Amino acid sequence: MLWLALHFPRLPLEIFTARHNNPQSAIVLLHKNRVFMCNPTAKDYGIAVGSTLATACSIEPEVVHGYRDIEAEATRLSTLADILYRFSSYVSVQHPDCIILEIGGSLKLFGCHQQLMDEAIKLASTLGHDVC
Numbered sequence: 308m309l310w311l312a313l314h315f316p317r318l319p320l321e322i323f324t325a326r327h328n329n330p331q332s333a334i335v336l337l338h339k340n341r342v343f344m345c346n347p348t349a350k351d352y353g354i355a356v357g358s359t360l361a362t363a364c365s366i367e368p369e370v371v372h373g374y375r376d377i378e379a380e381a382t383r384l385s386t387l388a389d390i391l392y393r394f395s396s397y398v399s400v401q402h403p404d405c406i407i408l409e410i411g412g413s414l415k416l417f418g419c420h421q422q423l424m425d426e427a428i429k430l431a432s433t434l435g436h437d438v439c
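Take the position in the sequence shown, starting the count at 1, then add 307; the result is the number in our numbering.
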């Protein structure tokens with residue numbers, strides 16, 4: 308068996324950002340009352356993961372903030388897994404941010420593991436997700 312793991316390291320922030328119309332703003336995502344993730348604009352302002360919301364607002368008063376939605380993350384991973392069935396019949400969601408696919412049986416269809424991996428990453432990217 309040959310497995311491909313697709314890691315979605317920014318999934319919580321991608322879900323939150325998709326709900327807002329201004330991705331150019333400084334955006335922070337909170338979990339347990341601390342900055343859990345932030346977009347590049349927020350990082351450029353100097354907002355750090357682990358900061359409080361008060362600290363983030365003191366650095367950039369116009370910061371857009373929200374709370375991590377673990378249920379939405381699980382739903383999105385499940386949806387992505389369903390979409391990734393086009394690459395394998397063995398797909399497994401690994402919470403909180405990974406999907407694994409058994410790709411050994413699909414290599415003849417896609418030519419090689421690199422081609423299959425590239426296509427899976429491209430598909431995830433077109434759906435608005437960073438993946439590695």
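Yeah, the Cβ is synthetic: ideal placement off N, Cα and C, and Gly gets one too.
Because the structure is a prediction, the values reported are computed rather than measured.
Of all alpha-carbon atoms in Gly373, Ile322, Gln422, Ala325, the one lying nearest the alpha-carbon of arginine 341 is that of Gly373. Going by DSSP, histidine 338 is part of the beta strand (DSSP E) stretching over 334 to 338. Per the C-alpha coordinates, the member of Glu369, His327, Leu320 positioned closest to valine 356 is Leu320. In the structure shown, cysteine 439 adopts coil according to DSSP, grouped into three states.
The bridge partners DSSP lists for isoleucine 407 are Ala312, Ser399. By the Cβ rule, the segment 368 to 385 counts as touching the segment 402 to 409, because three or more pairs are nearer than 8 Å.
Annotation: the continuous alpha helix (DSSP H) that includes cysteine 364 extends over 360 to 366. DSSP places arginine 383 in the helix class (H, G or I) of the three-state scheme.
For phenylalanine 394, there is no enclosing beta strand (DSSP E), as DSSP marks it with neither H nor E. Annotation for histidine 372: the continuous beta strand (DSSP E) segment containing it runs 371 to 374. When rounded, the separation of the alpha-carbon atoms in tryptophan 310 and isoleucine 410 is 6 Å. Within the DSSP bridge table, the entry for cysteine 419 names no partner. Annotation for isoleucine 354: no alpha helix (DSSP H) segment contains it, and DSSP assigns it neither H nor E.
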